[in-house]
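Contents: one structure, followed by commentary.
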Amino acid sequence: MSVQVEAMPYRHVLVVPAMGSAVRIARETTELVLVECGVGLRHPSVGPALLIVAELVTNAVRHAAVSSPVITVTYARGPGAFAFAVHDRHPYQPALFGALGTAPGSGLVMVVEMTMELGGTAVVRADADGRGKAIWITLPV
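Below, the structure is given as C-alpha cells:
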C-alpha cells in the first residue's frame, strides 16, 4: 500500500496528556473518527486500528511522558485508506521493522505485524529538531 498521507483530505487532531487515561480517549476518538469518515465499525481494519492506536499511545505514556507531557494523535482519511499517527517529544526513534526480530509479545512487534497483515504501512517520522517523532500507520479501508 503506497498512499501519501499528505494527500489525504480529511484530518482530525487529538491532543491528550501523557497519562493512562490517554489510551481510552485515543481509542474512543479513533472509533468516532472512523465512523465520521464513513468507515463502519465492522470493517476488518477497525479492530486492528483500535488495538494499534491503543498500543502506540500506551508506549508513548510509558516511555515518553517524562519528555513529552502531551501526546498528539493525528488522523487522516483518503480514498481507500485511513492513517493515524501518534506523536511524542521523546527523542528515541524505534526501528519498526527491527522490532520484528525482537521477542514475541512486544507491543511494537504486534503493531508492525498487524499493520503488515492488513496490507498497511508503518513509518517513523522524526521531528525537524530531532527531539520527537510520530509513528504513522496507514491501513486500507
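Be aware that the sequence shown starts at 676, since it is given in our numbering, and climbs by one per residue.
Virtual Cβ for every residue (Gly too), placed ideally from N, Cα, C.
Close beta carbons around residue i, own chain, < 7 Å, minus the five adjacent residues each side
| i | result |
| --- | --- |
| R702 | L725, V728 and A729 |
| P692 | P744 and V745 |
| A697 | V691, V732, V736 and I746 |
| V799 | Q768, P769, L771, K808 and I810 |
| G695 | V736 |
| C830 | Nothing about residue 830 can be read from this structure; the chain reaches only from 676 to 816. |
| M785 | E730 |
Beta-bridge pairing of residue i - partner residues as DSSP gives them
| i | result |
| --- | --- |
| D763 | K808 |
| P815 | A756 |
| A797 | I812 |
| A751 | R686 and A758 |
Close beta carbons around residue i, own chain, < 8 Å, minus the five adjacent residues each side
| i | result |
| --- | --- |
| M683 | A751, R752, G753, A756 and A758 |
| V801 | Per the sequence presented here, residue 801 reads as Ala, with Val not at that position. Same-chain partners within the cutoff: Q768, G807 and K808. |
| L793 | P719, S720, P723, L814 and P815 |
Contact belief for residue i with residue j at Cβ below 8 Å, rounded distance in angstroms
| i | j | result |
| --- | --- | --- |
| S781 | H765 | No, S781 and H765 are not in contact; Cβ-Cβ is about 17 Å, not under 8 Å. |
| V817 | T733 | It is not possible to answer for residue 817, since the shown part of the chain is limited to 676 through 816. |
| L709 | L716 | 7 Å |
Close beta carbons around residue i, own chain, < 6 Å, minus the five adjacent residues each side
| i | result |
| --- | --- |
| A740 | A693 |
| A760 | T749, A809 and W811 |
| H762 | T747 and A809 |
| T704 | L689 |
| V714 | V816 |
Practice prompt. Give, in chain order, every unbroken run of the alpha helix (DSSP H) that is at least 4 residues long and sits entirely within the stretch 684-747.
Written response: Within the stretch 684-747, the runs of alpha helix (DSSP H) at least 4 residues long that lie entirely inside it are, in chain order, 696-711 and 721-739.
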